[in-house]
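All remarks here apply to the structure that follows.
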Amino acid sequence: MTLIKFEKFAVEFTLGNGRQFTALKGLDLDIPKGQFVCIVGKSGGGKSTLVRSLAGLTLPTGGKLTVDGQPVTGPSRDRAMVFQEDTVFPWMRVDENVGFGLQGLLPEKKRERIEKWLQAVGLADFSKAWPRELSGGMRKRVALATVFAMGSPVLIMDEPFGALDFVTRANIHAILLDLWRASGTTVVFVTHDIEEALVLGDRILVVSDGRILDDLSCDLARPRDEDVLGSTKAVGLRKAIIGHLGIGRQPMLESADQ
Ligand SMILES: Nc1ncnc2c1ncn2[C@@H]1O[C@H](COP(=O)(O)OP(=O)(O)OP(=O)(O)O)[C@@H](O)[C@H]1O
Ligand SMILES: [Mg+2]
Numbered sequence: 442m443t444l445i446k447f448e449k450f451a452v453e454f455t456l457g458n459g460r461q462f463t464a465l466k467g468l469d470l471d472i473p474k475g476q477f478v479c480i481v482g483k484s485g486g487g488k489s490t491l492v493r494s495l496a497g498l499t500l501p502t503g504g505k506l507t508v509d510g511q512p513v514t515g516p517s518r519d520r521a522m523v524f525q526e527d528t529v530f531p532w533m534r535v536d537e538n539v540g541f542g543l544q545g546l547l548p549e550k551k552r553e554r555i556e557k558w559l560q561a562v563g564l565a566d567f568s569k570a571w572p573r574e575l576s577g578g579m580r581k582r583v584a585l586a587t588v589f590a591m592g593s594p595v596l597i598m599d600e601p602f603g604a605l606d607f608v609t610r611a612n613i614h615a616i617l618l619d620l621w622r623a624s625g626t627t628v629v630f631v632t633h634d635i636e637e638a639l640v641l642g643d644r645i646l647v648v649s650d651g652r653i654l655d656d657l658s659c660d661l662a663r664p665r666d667e668d669v670l671g672s673t674k675a676v677g678l679r680k681a682i683i684g685h686l687g688i689g690r691q692p693m694l695e696s697a698d699q
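Numbering of the sequence shown is given in our numbering, commencing with residue 442 and proceeding in unit increments.
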C-alpha cells in the first residue's frame, strides 16, 4: 500500500540575487508503508530538499505530495525528523528529552513509554543524565528513543549518523533496524555513504540534479553482514550507484596533466 506519494513534485528557490533555482524538477515517487528507503546522491542534488519537503518544512512550487492520502501542508507529529546535528535539547535530562513529544499522556503512561524506549536503545541507566554527559552515539540513541516514543508512522532522517565512528555507527544501525522492524515505521533516510545505504535500505534512490536518477531495489538478506555485503548482488548495487555518482577523474584535471 502506498503511504507517501510525490507527483510531479517541484521545488524552486529564489536566490539572494533574485534568480530562480530549481532544486527538485517534478519528481514522481511512491513509497509503500513500512519500506526503508535510502537516498544517496551528489552534494547539492536535492536530497535534503526532498526530505525537508516530506517533513513539511519546504513547500512545493509545483506538483503535490500526499501521506496516507492527505496533502502535506506543514510539519506534523506523524512525520518525525532526525537531522545531522544533535537533535536533543541540552537543557533537558535524557528522560525529559524522550518525553518531549509525549505531551497529553497521563504522567504514569508517559513514564512507562519513556522507560520502554530508553530500554530499547540501551540507555535505561541514563534517564536522569544530561546530554552533555553522554557520548555523541548515546545522544543519537536518545534522539532515536524520542522519535520512536512519539510513534510517528513516518521517520525522516537526513545524514543522522554522519559524525559517528564506524563501530558506534554499526551499533546504532542495528538498533535502528530493530526498532524499524518492530514498529513497522516507514523510514526515509538520506546518506552520503553508499555502504550505509546498502546496510539499511530496502530500496536506494539516487537523487542528483533535482531528479531521481535511479531507483534500486536493495533486497539483500538481513542481517547485512560482511558476506551479504560482499555478495555479487551487493557488488552490482555498489557499482550501479558509483556509476551514477560519476566518481573518478574529472576531464578538466585530466587535460591539465597533459
Ligand atoms: N532555502 C534555500 N534557498 C535557496 N537555495 C536552496 C535552499 N535550500 C537548498 N537550496 C539549493 O538547492 C540545491 C539542493 O540542495 P539540497 O540541500 O537539497 O542538496 P543535498 O543533496 O542535500 O546536498 P548535500 O549532500 O550537500 O547535503 C542546492 O543547490 C542548494 O543550494
Ligand atoms: Mg543535504
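We put the CB at the ideal spot given by N, CA and C, even for glycine.
The residue among D599, F477, D656 with its C-alpha nearest the C-alpha of M522 is D599. The segment 483-491 and the segment 547-561 do not touch, with fewer than three beta-carbon pairs separated by less than 8 Å. Here the segment 443-452 lies against the segment 460-469, with 3 or more beta-carbon pairs under 8 Å apart. Looking at the DSSP output, T528 shares a beta bridge with no other residue.
Under the 10 Å beta carbon count, N458 is surrounded by fewer than 16 other beta carbons and is classified as exposed. The residues L661, in chain order, have a CB closer than 7 Å to that of K674 in the same chain once the five nearest residues on each side in sequence are set aside. With a minimum length of 4 residues, the unbroken runs of alpha helix (DSSP H) contained wholly in the segment 606-652 fall at 607-624, 635-641. Taking 3 residues as the shortest admissible run, the segment 457-491 contains the following complete beta strand (DSSP E) segments, listed from N- to C-terminal end: 461-473, 477-481. Counting along the chain, the unbroken alpha helix (DSSP H) around M579 starts and ends at 577-591. Every residue with a CB closer than 7 Å to a heavy atom of ligand 2 is listed here in chain order: K488, S489, D599, E600, V631. Taken from the Cβ of G485, at least one heavy atom of ligand 1 lies inside 6 Å.
Distance from the Cα of V676 is smallest, within the candidate group E636, T632, L620, for E636. A straight-line Cα-Cα distance of about 18 Å links P601 and V647. With 16 or more other CB atoms across the displayed protein chains lying within 10 angstroms of its CB, W621 is buried.
Per DSSP, the beta bridge partners of A521 are L596.
Linking T627 to R460 through their CA atoms gives a straight-line distance of about 36 Å. The Cβ atoms of S568 and D536 lie closer than 7 Å to each other. The straight-line gap separating the alpha-carbon atoms of A584 and S658 is approximately 28 Å. Going by beta carbons, C479 and I645 fall inside the 7 Å limit.
Burial check for S576: the Cβ neighbour count within 10 Å stays below 16, so the residue is exposed. Relative to R665, the option among L641, D655, L564, D656 whose CA is nearest is L641.
Each residue's CA atom was taken as its position, placing Q544 and H685 some 44 Å apart. The closest heavy atom of ligand 1 lies 6 Å or more from the beta carbon of F541.
By the beta-carbon neighbour count (other beta carbons within 10 angstroms, threshold 16), K550 is exposed.
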